[in-house]
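Everything below concerns the one structure shown next.
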Amino acid sequence: MANGGLVSIIMPVHNSAGTVGQAVRSVLAQGHQDWELLITDDGSSDSSWEVLTGFADHDPRIKPQRSEQAGGPAVARNRAISRANGSWVAFLDSDDLWLPHKLERQIAFARDTRAPLSFSSYYKVPADYTGEAADFEPDDRIIRARDHLTYRRMLDANFIGCLTAMYDRDALGTRLMPDLRKRQDYALWLSILRDGHVAHGIQEPLALYREARAGSVSGNKLSLVKYNWQLYREVEKLSLPRSVRSLATSTARSVLNGRI
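All letters in the sequence shown, in the order written, are residues 2 to 261 by the numbering used here.
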(Lines of atoms letter the chains of each structure in order from A and count residues from 1; the text may use other names and numbers.)
(Lines give C-alpha, C1' and ligand atoms only; values in the text may rest on other atoms or scores of the structure.)
Protein backbone atom coordinates (compact mmCIF):
# COMPACT_ATOMS: atom_id res chain seq x y z
CA MET A 1 0.00 0.00 0.00
CA ALA A 2 3.01 2.30 -0.43
CA ASN A 3 2.23 5.82 -1.62
CA GLY A 4 -1.50 5.30 -1.17
CA GLY A 5 -1.98 1.91 -2.78
CA LEU A 6 -2.15 0.40 -6.24
CA VAL A 7 -4.77 1.96 -8.53
CA SER A 8 -6.28 -0.15 -11.31
CA ILE A 9 -7.20 2.26 -14.11
CA ILE A 10 -9.92 1.03 -16.46
CA MET A 11 -9.82 2.23 -20.08
CA PRO A 12 -12.06 0.98 -22.90
CA VAL A 13 -10.79 1.78 -26.40
CA HIS A 14 -12.64 1.66 -29.72
CA ASN A 15 -11.16 3.37 -32.79
CA SER A 16 -9.46 6.00 -30.64
CA ALA A 17 -6.05 6.22 -32.29
CA GLY A 18 -6.33 10.01 -32.49
CA THR A 19 -6.88 10.58 -28.76
CA VAL A 20 -5.75 7.56 -26.76
CA GLY A 21 -2.13 8.69 -26.74
CA GLN A 22 -3.09 11.87 -24.88
CA ALA A 23 -5.13 9.83 -22.40
CA VAL A 24 -2.30 7.39 -21.69
CA ARG A 25 0.25 10.18 -21.32
CA SER A 26 -2.00 11.86 -18.75
CA VAL A 27 -1.74 8.67 -16.70
CA LEU A 28 2.03 8.49 -17.14
CA ALA A 29 2.26 12.08 -15.84
CA GLN A 30 0.48 11.32 -12.55
CA GLY A 31 2.19 12.29 -9.31
CA HIS A 32 0.95 9.01 -7.84
CA GLN A 33 2.85 6.38 -9.79
CA ASP A 34 1.57 3.16 -8.17
CA TRP A 35 -0.92 2.17 -10.85
CA GLU A 36 -1.74 -0.34 -13.56
CA LEU A 37 -3.51 0.75 -16.73
CA LEU A 38 -5.88 -2.01 -17.82
CA ILE A 39 -7.02 -1.40 -21.38
CA THR A 40 -9.51 -3.30 -23.49
CA ASP A 41 -9.25 -2.61 -27.21
CA ASP A 42 -12.86 -3.32 -28.14
CA GLY A 43 -12.58 -4.44 -31.74
CA SER A 44 -10.86 -1.34 -33.12
CA SER A 45 -10.38 -1.20 -36.87
CA ASP A 46 -7.96 1.74 -36.82
CA SER A 47 -4.40 1.83 -35.43
CA SER A 48 -5.46 1.98 -31.75
CA TRP A 49 -3.89 -1.41 -30.98
CA GLU A 50 -0.55 -0.40 -32.44
CA VAL A 51 -0.58 2.81 -30.38
CA LEU A 52 -1.37 0.85 -27.21
CA THR A 53 1.25 -1.82 -27.73
CA GLY A 54 3.79 0.89 -28.41
CA PHE A 55 3.17 2.31 -24.94
CA ALA A 56 3.09 -1.15 -23.36
CA ASP A 57 6.48 -2.02 -24.85
CA HIS A 58 7.99 0.83 -22.82
CA ASP A 59 6.05 0.49 -19.55
CA PRO A 60 4.91 -2.85 -18.07
CA ARG A 61 2.22 -1.08 -16.03
CA ILE A 62 0.30 -0.52 -19.27
CA LYS A 63 -1.59 -3.74 -19.96
CA PRO A 64 -3.68 -3.76 -23.14
CA GLN A 65 -5.90 -6.69 -24.07
CA ARG A 66 -7.57 -7.08 -27.45
CA SER A 67 -11.09 -8.19 -28.34
CA GLU A 68 -11.52 -9.05 -32.00
CA GLN A 69 -15.22 -8.08 -31.98
CA ALA A 70 -16.71 -5.03 -30.32
CA GLY A 71 -18.80 -5.89 -27.27
CA GLY A 72 -19.61 -2.34 -26.18
CA PRO A 73 -18.29 -0.14 -23.36
CA ALA A 74 -19.77 -2.17 -20.48
CA VAL A 75 -18.20 -5.41 -21.72
CA ALA A 76 -14.89 -3.70 -22.43
CA ARG A 77 -14.74 -2.08 -19.00
CA ASN A 78 -15.74 -5.27 -17.23
CA ARG A 79 -13.03 -7.24 -18.99
CA ALA A 80 -10.53 -4.73 -17.66
CA ILE A 81 -12.05 -4.65 -14.16
CA SER A 82 -11.85 -8.46 -13.97
CA ARG A 83 -8.05 -8.13 -14.30
CA ALA A 84 -7.73 -5.55 -11.50
CA ASN A 85 -5.16 -6.06 -8.77
CA GLY A 86 -5.45 -2.66 -7.10
CA SER A 87 -7.03 -1.44 -3.91
CA TRP A 88 -8.65 1.31 -5.96
CA VAL A 89 -10.51 1.11 -9.29
CA ALA A 90 -10.58 4.31 -11.35
CA PHE A 91 -12.01 5.06 -14.78
CA LEU A 92 -10.64 7.00 -17.74
CA ASP A 93 -12.03 6.85 -21.27
CA SER A 94 -9.69 6.96 -24.25
CA ASP A 95 -10.69 10.48 -25.28
CA ASP A 96 -10.46 12.10 -21.84
CA LEU A 97 -7.48 13.19 -19.72
CA TRP A 98 -6.45 13.45 -16.08
CA LEU A 99 -4.64 16.41 -14.59
CA PRO A 100 -1.27 15.38 -13.09
CA HIS A 101 -2.35 15.56 -9.43
CA LYS A 102 -5.62 13.66 -9.91
CA LEU A 103 -4.76 10.35 -8.30
CA GLU A 104 -2.80 11.66 -5.33
CA ARG A 105 -5.48 14.22 -4.44
CA GLN A 106 -8.30 11.73 -4.82
CA ILE A 107 -6.66 8.94 -2.83
CA ALA A 108 -5.92 11.33 0.03
CA PHE A 109 -9.49 12.63 -0.11
CA ALA A 110 -11.02 9.14 -0.19
CA ARG A 111 -8.99 8.08 2.80
CA ASP A 112 -9.78 11.25 4.78
CA THR A 113 -13.52 10.92 4.12
CA ARG A 114 -13.55 7.09 4.11
CA ALA A 115 -15.48 7.31 0.86
CA PRO A 116 -16.05 3.96 -0.85
CA LEU A 117 -16.88 5.94 -4.02
CA SER A 118 -15.38 9.33 -4.80
CA PHE A 119 -15.48 11.71 -7.74
CA SER A 120 -14.55 15.29 -8.61
CA SER A 121 -15.38 18.36 -10.63
CA TYR A 122 -13.90 18.41 -14.15
CA TYR A 123 -13.25 20.74 -17.07
CA LYS A 124 -14.81 20.48 -20.51
CA VAL A 125 -12.50 20.87 -23.48
CA PRO A 126 -13.31 21.06 -27.22
CA ALA A 127 -13.54 17.90 -29.29
CA ASP A 128 -10.42 18.95 -31.22
CA TYR A 129 -8.30 19.68 -28.14
CA THR A 130 -4.74 18.61 -28.97
CA GLY A 131 -2.81 19.70 -25.88
CA GLU A 132 -1.45 17.56 -23.07
CA ALA A 133 -3.19 17.55 -19.71
CA ALA A 134 -0.11 18.98 -17.99
CA ASP A 135 -0.23 22.03 -20.28
CA PHE A 136 -3.92 22.81 -19.74
CA GLU A 137 -4.73 26.38 -18.71
CA PRO A 138 -7.67 26.41 -16.24
CA ASP A 139 -10.82 28.18 -17.42
CA ASP A 140 -14.44 28.50 -16.31
CA ARG A 141 -15.87 25.54 -18.28
CA ILE A 142 -16.32 23.40 -15.18
CA ILE A 143 -18.85 20.71 -14.32
CA ARG A 144 -19.10 21.09 -10.55
CA ALA A 145 -19.17 18.07 -8.23
CA ARG A 146 -21.73 17.67 -5.45
CA ASP A 147 -20.30 17.39 -1.93
CA HIS A 148 -21.94 14.04 -1.34
CA LEU A 149 -24.51 11.79 -2.97
CA THR A 150 -26.95 9.28 -1.56
CA TYR A 151 -28.94 6.78 -3.60
CA ARG A 152 -32.11 8.92 -3.49
CA ARG A 153 -30.22 12.02 -4.62
CA MET A 154 -28.44 10.12 -7.37
CA LEU A 155 -31.75 8.99 -8.83
CA ASP A 156 -32.32 12.59 -9.92
CA ALA A 157 -29.42 12.49 -12.38
CA ASN A 158 -25.96 11.07 -12.95
CA PHE A 159 -23.91 13.58 -10.99
CA ILE A 160 -20.68 11.56 -11.30
CA GLY A 161 -18.44 12.01 -14.31
CA CYS A 162 -17.04 8.57 -15.14
CA LEU A 163 -13.60 10.04 -15.88
CA THR A 164 -13.39 11.20 -12.24
CA ALA A 165 -14.88 8.18 -10.45
CA MET A 166 -12.84 5.90 -8.21
CA TYR A 167 -14.07 3.18 -5.88
CA ASP A 168 -12.42 1.44 -2.95
CA ARG A 169 -12.10 -2.20 -3.96
CA ASP A 170 -11.05 -3.21 -0.45
CA ALA A 171 -14.34 -1.83 0.90
CA LEU A 172 -16.71 -2.76 -1.93
CA GLY A 173 -15.12 -5.77 -3.56
CA THR A 174 -14.88 -5.98 -7.34
CA ARG A 175 -17.88 -4.18 -8.84
CA LEU A 176 -18.72 -4.64 -12.52
CA MET A 177 -20.89 -2.45 -14.72
CA PRO A 178 -24.33 -3.73 -15.73
CA ASP A 179 -24.34 -4.80 -19.38
CA LEU A 180 -26.32 -1.88 -20.77
CA ARG A 181 -25.72 -0.25 -24.14
CA LYS A 182 -25.52 3.17 -22.47
CA ARG A 183 -25.65 4.56 -18.93
CA GLN A 184 -23.78 1.54 -17.57
CA ASP A 185 -21.57 3.84 -15.47
CA TYR A 186 -24.65 5.51 -13.94
CA ALA A 187 -26.04 2.05 -13.18
CA LEU A 188 -22.82 1.08 -11.36
CA TRP A 189 -22.86 4.17 -9.15
CA LEU A 190 -26.52 3.53 -8.31
CA SER A 191 -25.81 -0.09 -7.42
CA ILE A 192 -23.10 1.01 -4.96
CA LEU A 193 -25.23 3.71 -3.37
CA ARG A 194 -28.27 1.41 -3.22
CA ASP A 195 -26.32 -0.66 -0.72
CA GLY A 196 -26.37 2.30 1.67
CA HIS A 197 -23.01 3.84 0.81
CA VAL A 198 -22.47 7.58 0.28
CA ALA A 199 -20.32 8.99 -2.53
CA HIS A 200 -18.16 12.03 -1.76
CA GLY A 201 -17.18 14.72 -4.25
CA ILE A 202 -14.05 16.84 -4.59
CA GLN A 203 -14.74 20.43 -5.59
CA GLU A 204 -11.40 20.84 -7.36
CA PRO A 205 -11.50 19.91 -11.08
CA LEU A 206 -9.16 16.97 -11.60
CA ALA A 207 -9.82 15.89 -15.19
CA LEU A 208 -10.55 17.06 -18.73
CA TYR A 209 -13.67 15.82 -20.49
CA ARG A 210 -13.58 16.02 -24.27
CA GLU A 211 -16.96 17.18 -25.54
CA ALA A 212 -18.60 15.31 -28.40
CA ARG A 213 -18.17 16.54 -31.93
CA ALA A 214 -21.02 18.65 -33.28
CA GLY A 215 -23.72 16.52 -34.85
CA SER A 216 -22.58 13.25 -33.27
CA VAL A 217 -25.04 10.89 -31.61
CA SER A 218 -23.23 11.21 -28.28
CA GLY A 219 -23.43 14.98 -28.58
CA ASN A 220 -27.23 14.86 -28.56
CA LYS A 221 -28.09 14.75 -24.86
CA LEU A 222 -31.73 14.03 -25.60
CA SER A 223 -30.68 10.74 -27.19
CA LEU A 224 -29.99 9.46 -23.67
CA VAL A 225 -33.64 9.76 -22.60
CA LYS A 226 -34.62 6.23 -23.60
CA TYR A 227 -31.56 4.75 -21.90
CA ASN A 228 -32.26 6.63 -18.68
CA TRP A 229 -35.86 5.43 -18.84
CA GLN A 230 -34.68 1.83 -19.26
CA LEU A 231 -32.36 2.24 -16.28
CA TYR A 232 -35.06 3.67 -14.02
CA ARG A 233 -37.79 1.22 -14.96
CA GLU A 234 -36.00 -2.04 -15.77
CA VAL A 235 -32.87 -1.91 -13.62
CA GLU A 236 -33.85 0.22 -10.63
CA LYS A 237 -37.50 -0.90 -10.77
CA LEU A 238 -38.78 2.57 -9.93
CA SER A 239 -42.48 3.37 -9.92
CA LEU A 240 -43.91 5.18 -12.92
CA PRO A 241 -44.23 8.55 -11.08
CA ARG A 242 -40.70 8.31 -9.67
CA SER A 243 -39.31 7.32 -13.08
CA VAL A 244 -40.98 10.33 -14.71
CA ARG A 245 -39.54 12.65 -12.06
CA SER A 246 -36.05 11.17 -12.41
CA LEU A 247 -36.21 11.36 -16.20
CA ALA A 248 -37.22 15.02 -16.10
CA THR A 249 -34.42 16.03 -13.71
CA SER A 250 -31.75 13.97 -15.48
CA THR A 251 -32.71 15.38 -18.87
CA ALA A 252 -32.63 18.94 -17.56
CA ARG A 253 -29.17 18.38 -16.07
CA SER A 254 -27.83 16.95 -19.33
CA VAL A 255 -29.10 19.96 -21.26
CA LEU A 256 -27.60 22.40 -18.74
CA ASN A 257 -24.22 20.63 -18.73
CA GLY A 258 -24.26 20.72 -22.52
CA ARG A 259 -24.36 24.52 -22.41
CA ILE A 260 -21.20 24.85 -20.29
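C-beta atoms are modelled at their ideal positions from N, C-alpha and C, and glycine is treated no differently.
All figures in this text were calculated on a predicted structure; none of them were measured in a lab.
Excluding the 5 residues flanking it on each side, Thr175 has same chain C-beta neighbours closer than 7 Å at Ile82 and Ala85, in chain order. Between the C-alpha atoms of Ser247 and Lys183 there is a straight-line separation of about 17 Å. Thr20 is positioned such that its CB atom lies closer than 9 Å to that of Ser95. Non-local C-beta neighbours of Val52 in its own chain, meaning closer than 7 Å and more than five positions away in sequence, comprise Ala18, Val21 and Gly22, ordered along the chain. Cα atoms of Gln66 and Asp180: separation of roughly 19 Å, rounded to the nearest angstrom. His198 has no beta-bridge partner at all, per DSSP.
Comparing C-alpha distances from Tyr124 to each of Pro117, Val236 and Ala134 shows the shortest one belongs to Ala134. Counting only runs of at least 3 residues, the region 147–193 fully encloses the following beta strand (DSSP E) elements, listed from N- to C-terminal order: 167–169. In the structure shown, Thr131 falls within a coil segment according to DSSP collapsed to helix, strand and coil. Rounded to whole angstroms, the separation of the alpha carbons of Trp89 and Leu100 is 18 Å. DSSP, read as helix, strand or coil, puts Thr20 in coil. If you draw a straight line from the Cα of Gln204 to the Cα of Trp36, it comes to about 23 Å.
For Lys125, there is no enclosing alpha helix (DSSP H); the residue is found in the beta strand (DSSP E) stretching over Leu118 to Val126. In the structure shown, the three-state DSSP call for Gln107 is helix. When rounded, the separation of the alpha-carbon atoms in Ala116 and Gly44 is 35 Å. In this structure, Leu98 is the residue among His33, Leu98, Gly73 and Asp60 with its C-alpha nearest to the C-alpha of Ala208.
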